[in-house]
Amino acid sequence: MKNISLILIACLISFTTFAQKKTTAAKPKTTIAKSKTAVVQKKEVPNQKKIDEATAAFDKELQGTWKMNEMTTGDTYINATKKIIKFSGDLEKEMTPENRAKIEANKSSYITKVSSSSAIFNGKDVTYYIAGVTKRGTYTLSPQGSAYTANIVLADGSKDIMAGLTIKDNTLYVTQTIKTYKTEMVFVKIVPRK
């Protein structure tokens, strides 16, 4: 039996360093038009102006201070507002009464790690404090389907990302794979940027 307390702590710590992902730009389609005199290649380029406008609108909405409210990683779910920790899948099946008691005894510290986590977007600067670790840097956004990725260059020159960014009803959703777990973080806006 795995030590459930250690797994929970590992899950909380594992999302402090966001997983590195390779991002690839969409390649324009190439069509070949034949004429009597020559073969001409014509590239179809997506409407870059619309993409840029949508990205700028998302970036404007992203500005401000966001406080983490919920976090799901693997089979662990923590909701700081409701003060609950839930397990599912194999983790739930393996949970013993002894492990449940350990989790309950440390519940407030796990919930505090989530509720004290935040992200601040100010211009092109970003500061995020997650599970006791603070990182600062600058970011650029790149669209990834219906979501965005914040490509971050940290103050020490290293790179990081926040992937799967979407905003709905003043709620920021971050969905990405960290190590082998799909991780979802939910942030609520507490201070809009002026």
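Under mature numbering (1 follows the signal peptide of the UniProt record, and there is no 0), the letters of the sequence shown match residues -19 to -1, 1 to 175, in that order. Backbone N, C-alpha and C fix where the C-beta goes; we use that ideal spot for every residue, glycine too. Keep in mind that this is a model prediction, so the values were computed, not measured.
Who are the near neighbours of residue i in its chain, counting only those whose CB is closer than 7 Å to its CB and skipping five residues on each side?
{"i": "I32", "result": "P124"}
{"i": "Y120", "result": "K105, V107, A131, N132, I133"}
Sorted by chain position, which residues of the same chain lie with C-beta nearer than 6 Å to residue i's C-beta, five sequence neighbours on each side aside?
{"i": "A61", "result": "N50, I92, V95, S96"}
{"i": "F39", "result": "Y129"}
{"i": "E165", "result": "T53, T156"}
{"i": "D56", "result": "F68, S69, G70, L72"}
{"i": "K64", "result": "I92"}
{"i": "I171", "result": "T46, K48"}
{"i": "Y109", "result": "A100, K116"}
State the beta-bridge partners of residue i as determined by DSSP.
{"i": "D141", "result": "I133"}
{"i": "M76", "result": "Beta-bridge pairing links M76 to no other residue."}
{"i": "R117", "result": "T108"}
Classify residue i as helix, strand or coil using the three-state DSSP reduction.
{"i": "A112", "result": "coil"}
{"i": "D106", "result": "strand"}
{"i": "Q29", "result": "helix"}
{"i": "T93", "result": "helix"}
{"i": "K88", "result": "helix"}
{"i": "I156", "result": "Per the sequence shown, the amino acid found at residue 156 is Thr instead of Ile. Reduced to three states, the DSSP call for T156 is strand."}
{"i": "G126", "result": "coil"}
{"i": "T161", "result": "coil"}
In chain order, what residues of the same chain have a beta carbon less than 8 Å from the beta carbon of residue i, not counting five sequence neighbours either side?
{"i": "S139", "result": "none"}
{"i": "Q44", "result": "F102, N103, G104, P173, R174"}
{"i": "S127", "result": "T147"}
Am I right that residue i and residue j are in contact with their C-beta atoms under 8 Å? What's the rounded C-beta distance?
{"i": "I142", "j": "I148", "result": "I142 to I148, Cβ: 17 Å. No contact."}
{"i": "G118", "j": "L135", "result": "4 Å"}
{"i": "N151", "j": "V167", "result": "That pair is no contact at about 11 Å."}
Report the residue ranges of all beta strand (DSSP E) runs contained in full by the stretch 37 to 78; include only those spanning at least 3 residues, in chain order. 45 to 54, 57 to 60, 65 to 68
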